[in-house]
Every structure is written in C-alpha cells, then in structure tokens.
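The sequence shown begins at 135 in this note's numbering and counts up one residue at a time. We treat Cβ as the ideally placed atom computed from N, Cα and C, and that holds for glycine. Predicted, not measured: the structure shown is a model, and the values here were computed from it.
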Amino acid sequence: MAVAAAAAWYEELREVEYREEANFKKIGSISKRLAMDKDLSEEEVGRLKEERTALREEVRRLVLEMSPQPDFSCMTEAERAEAAERVRSIEVKYGLRLMHEGDPRGQSIQASARIVDFDPKQGGLYYSRYTSGGLIRFNLDEESPIGPMRHIDSPYKKESYFLRLCKAVNFLSVKIGCSDVGYPIHVYGTIIVRDSIDERCVYHFRRDSDNCQLISSESESLILTGPKRGLALAGDIYVETDLKMKDDLVQDRELSKGLIIIRGTPARLFEKGYTSATKSLATRLSTVDVYYSVVDRALEGTIAVEVVQGSFHGRITANTANMCNELVLYDSKEADAMTVDNCGDLKLLRHVVCVYVKDLLMIAAQTSDGKSERISFSPRINDKAEGPLVVGGTELRVKICWSVMNP
C-alpha cells in the first residue's frame, strides 16, 4: 500500500510539473507577442491578456489541488527499495515522453533517472549522487586522474600570489553517528568527494565486503584513506556516501546512500585561517556525520615518511599551530604491512593535507610504548622540505612538497 501511494503521488507530481511547464511556455509566448507585435488590435490585445490570466490561474490551481505528500515514515526496507525502483521507472517514462515531444529536457531526465532514489528519511524522492554536471556524457564512477603536486613546478611569484590562493577542505573524520540497528556493525562501501577541479571521484573510504571495518560505537571514525590530492573549494564540494553493512545471517543491508554539499565559506567566518563544521546525512539505516575544516588561502602539502633506522610501531599524525584537529597519517595497527627492523617508506593512510599559507604544519610520531616527538614545517609556495624525526630508537625522515592547487 505504501509503495503504491508513493508511486501514485510521484506520478501526479510529474503530471503537475508537465502541465505547469506547458502553461509557462504559453504565457511566455503570449507576453512576447504582446510586447513585440505592434499591429495587434485592442480586441486581440484584450483576448490575449485574458488568455494569459486564465493560464496563470490554472497554474495556481494545479499547485493548490496537488495531493499532500503521503507519510512514508513507516516503510520497511523492502518497501523503500521497491518504491525507489517504481519512481526510477516513472522518471524514465517521463523523460521518454519529453523526448518524443522534442523537449530537450527529456534526454537529461533520462540520464539522471539512474540516480533517482527514495528514502523516507530524505522525505521521499531525492538524488543520491552528484547531479550538477551533464550526466548524458558524464561518467559518475570515473576516478580523478589528477594527483598531488600538479603545480609544484609552476613559476608563481611567492609573495604576490598569497591573496589569490583558493580555499580548500580537509575531511577530519566520518562517523556513523546513529545506527538503526545498533552497534557493533561491519561497514564497507565507498565515500567519494568531488571538487571543481575536475568533478571526478576522489576516494576517502573504499572497502569491499571481504575487508569490512568494525564500528563499535557512534564515537568511532571510519578509517579514511584519502584524499590523494588537495580539494579546492573554488565551487561546491560534493560528498557521496554508499555504505553497506555486512550481515552473516541475512543479505547485506544498505547503511547509507546519499549526497552532502559543502558550499563556499564567507571570509569573515575564518579564525586564524580555518573554520570547522559538521554535516549530517540521514538515509537508510543510519545518520552519517562528516566533520571537516575549510582552509583559507590554502597550500597542498604532500607528505612522505621514510624509516631511516630501526623499526616503527605506532601512529603518525598531522595538525597545525592554528588547527588542533589531528589527521591520522599512519597507524601500524591499520597498515597493510608494518615496517619492522627494515628501512623504507611507510605506506601512509593519508598523505595530503591542506594548510593555511601563514600557519605551521606539525607532524608528530608516537610509538606504541608512549614515546612521542614532532617536527614542524612552514608552508612555502611550490617548495620542498625535509627533516629528521627521531622517536625512541627509530629515526624517521619526513619529506613534504608544497603546491598551490587553484583550478
């Protein structure tokens, strides 16, 4: 019953939109004729104005007579999934209808039908993925080919360029802040981010069902493994979640699927080059909380850590003098392979961080037995630096490349 009600309401909504658009076109045509045709008689002018008024009244009537949106809150998971398929089918038919009538919107609606979704927590119908680009030829799953340090060799003037550096975003953590099925849960899937540099996928979390992460409470963060380059906030930034929950007793269940948009930040909100915020997305069986900081006049820092002597067991983190939030760059508990009595580069979980150009980046290493040391770097436009970091019996060498990242 709930699925049928949802489909019927959406079909009615599309029909109302179709008739509204047809009336608006007629109104526009009449208004243009009244403005341009100087040979109209008074009788013709009066008739056209009456016709335009009647069309406007019909538009108002269509809106007023539209059925109220049904209550979807009691839908089961199965009903939600069926409703999503039904509304996608309605969207495809609507696009075909417009295409047959020569309406250029039809092809675009057809292309976007694949990302139409349905979820009571989103109020019913919503788009679960990025929609701002032209989806007719745009591959939503294409990974960004752009890596870090792309402007490292560009001849920017170091002092005069400060004021033209773009804003950037660091994602601090992502948490399952609320779970309809409780905890613990085994999570897999993807979290991708798009920025205005190329609007392609930049992965921050990517695990398959054979490599789930155990989340034991709402305070535990997903282990982020991106971005692979700095994220420029020159336009909107889009965060797409597609998370699932592994269940050995029944079929795996969808945990979160949707879109978060991060808009530009007014300069007045920055304090010492940063401002932090949280955005939440309620879909499927959870609410996902995304914690991030916006960086003013940002430089992209690409970090590498080499074990020069000894072995390293512990964590390596990054923060700045003006930003207390720590980004975990390395954790031997999570690393694919620990560096034990062997020299070489550590495989960092995250190797890119964006820093306010007048701030100070601090890299800290803490061993599993509690010893801790840190090294600091001053951001410098299109420059490189390195230095030793000795903690306990281990000597590390930290290297960093600074690059502008304006689109």
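In its own chain, which residues sit with a C-beta less than 6 Å from the C-beta of residue i, not counting the 5 before and 5 after it?
{"i": "V474", "result": "Summary for V474: the model assigns pLDDT 45, below 50, so the residue's position carries little reliability; its value from the coordinates is reported in the next sentence. Hits under 6 Å: S445."}
{"i": "R222", "result": "A247, V250"}
{"i": "V544", "result": "Past the edges of the chain, shown from 135 to 541, lies residue 544, and the structure says nothing about it."}
{"i": "E440", "result": "D479, R531"}
{"i": "V137", "result": "E213, E216, A217"}
{"i": "M472", "result": "Its pLDDT being 42, under 50, M472 is placed unreliably in this model, and the coordinates cannot settle the point."}
{"i": "R186", "result": "I161, I164"}
{"i": "V150", "result": "L196, M200"}
{"i": "A141", "result": "R220"}
{"i": "M209", "result": "A136, P254"}
{"i": "L482", "result": "L463, Y464"}
{"i": "R239", "result": "L232"}
{"i": "A139", "result": "P204"}
{"i": "V315", "result": "L419"}
To which residues does DSSP link residue i through a beta bridge?
{"i": "D329", "result": "For D329, which the question treats as bridged, DSSP gives no partner whatsoever."}
{"i": "S365", "result": "First, the residue type needs correcting, since residue 365 is Leu and not Ser in the sequence shown. Note: L365 sits in a beta bridge opposite V303."}
{"i": "D251", "result": "Y260"}
{"i": "D423", "result": "K309, S414"}
{"i": "K533", "result": "A438, E520"}
{"i": "Y372", "result": "R328, I395"}
{"i": "R449", "result": "D465, Q500"}
{"i": "A432", "result": "Y490"}
{"i": "Y322", "result": "K378"}
{"i": "V525", "result": "T528"}
{"i": "E133", "result": "In the structure as shown, the chain starts at 135 and stops at 541, and residue 133 therefore has no counterpart that could be examined."}
{"i": "Q443", "result": "E529"}
{"i": "T454", "result": "L495"}
Taking Cβ positions, are residue i and residue j nearer each other than 9 Å?
{"i": "I325", "j": "T375", "result": "yes"}
{"i": "A302", "j": "L365", "result": "yes"}
{"i": "L398", "j": "L356", "result": "With the sequence shown as reference, residue 398 is identified as Gly, and Leu is not the correct amino acid for it. No."}
{"i": "N345", "j": "Y372", "result": "no"}
{"i": "I395", "j": "D430", "result": "no"}
{"i": "S502", "j": "K391", "result": "no"}
{"i": "V462", "j": "R531", "result": "no"}
{"i": "N456", "j": "G407", "result": "yes"}
{"i": "I280", "j": "I437", "result": "no"}
{"i": "V487", "j": "S288", "result": "no"}
{"i": "G544", "j": "A499", "result": "In the structure displayed, the chain extends from 135 to 541; residue 544 sits before or after that span and is not available."}
{"i": "T409", "j": "V428", "result": "yes"}
{"i": "R387", "j": "L415", "result": "no"}
{"i": "S242", "j": "L269", "result": "yes"}
{"i": "Y152", "j": "R231", "result": "yes"}
{"i": "H234", "j": "N540", "result": "no"}
{"i": "R484", "j": "L358", "result": "yes"}
{"i": "A432", "j": "M496", "result": "no"}
{"i": "L389", "j": "L377", "result": "yes"}
{"i": "E507", "j": "L494", "result": "no"}
Skipping 5 residues on each side, what residues in its chain have a beta carbon closer than 8 Å to that of residue i?
{"i": "E277", "result": "R334, C335, V336, Y337"}
{"i": "E146", "result": "M200, S201"}
{"i": "E352", "result": "K309, I310, G311, C312, S313, Y317"}
{"i": "G134", "result": "The structure shown has nothing for residue 134, since the chain only spans 135 to 541."}
{"i": "E179", "result": "Per the sequence presented here, residue 179 reads as Val, with Glu not at that position. Closer than 8 Å at the Cβ level, and outside the excluded window around V179, lie L168."}
{"i": "T412", "result": "D423, V424, Y425, Y426"}
{"i": "L174", "result": "R167, L168, L182"}
Can you give me the Cβ contacts of residue i inside the same chain, cut-off strictly under 7 Å, excluding the 5 residues immediately before and after it?
{"i": "L348", "result": "P318, H320"}
{"i": "Y144", "result": "V221, I224, L259"}
{"i": "K362", "result": "G281, P282, V336, V486"}
{"i": "Y228", "result": "R148, I243"}
{"i": "K505", "result": "V525, G526"}
{"i": "A519", "result": "F511, I534"}
With a threshold of 8 Å (Cβ to nearest heavy atom), would residue i be considered close to the ligand ADP?
{"i": "T421", "result": "With respect to the ligand ADP, the structure shown offers nothing to examine, as it has no ligands at all."}
Can we say the segment 502 to 521 touches the segment 418 to 431, given the rule of at least three CB pairs closer than 8 Å? Touching, no.
So within the segment 378 to 416, which uninterrupted beta strand (DSSP E) runs reach at least 3 residues, ignoring any that extend past its ends? 387 to 396
Pick out the complete alpha helix (DSSP H) segments inside the segment 164 to 228, 4 residues or longer, and give them in chain order. 176 to 199
Please list the segments of the beta strand (DSSP E) lying wholly inside the segment 457 to 513, counting only runs of 3 or more residues, in order along the chain. Counting only unbroken stretches of 3 or more residues, the beta strand (DSSP E) elements lying wholly within the segment 457 to 513 are 461 to 465, 486 to 490, 495 to 501, 506 to 511, in sequence order.
Restricting to runs no shorter than 3 residues, where is the beta strand (DSSP E) found entirely within the segment 337 to 365? 347 to 349
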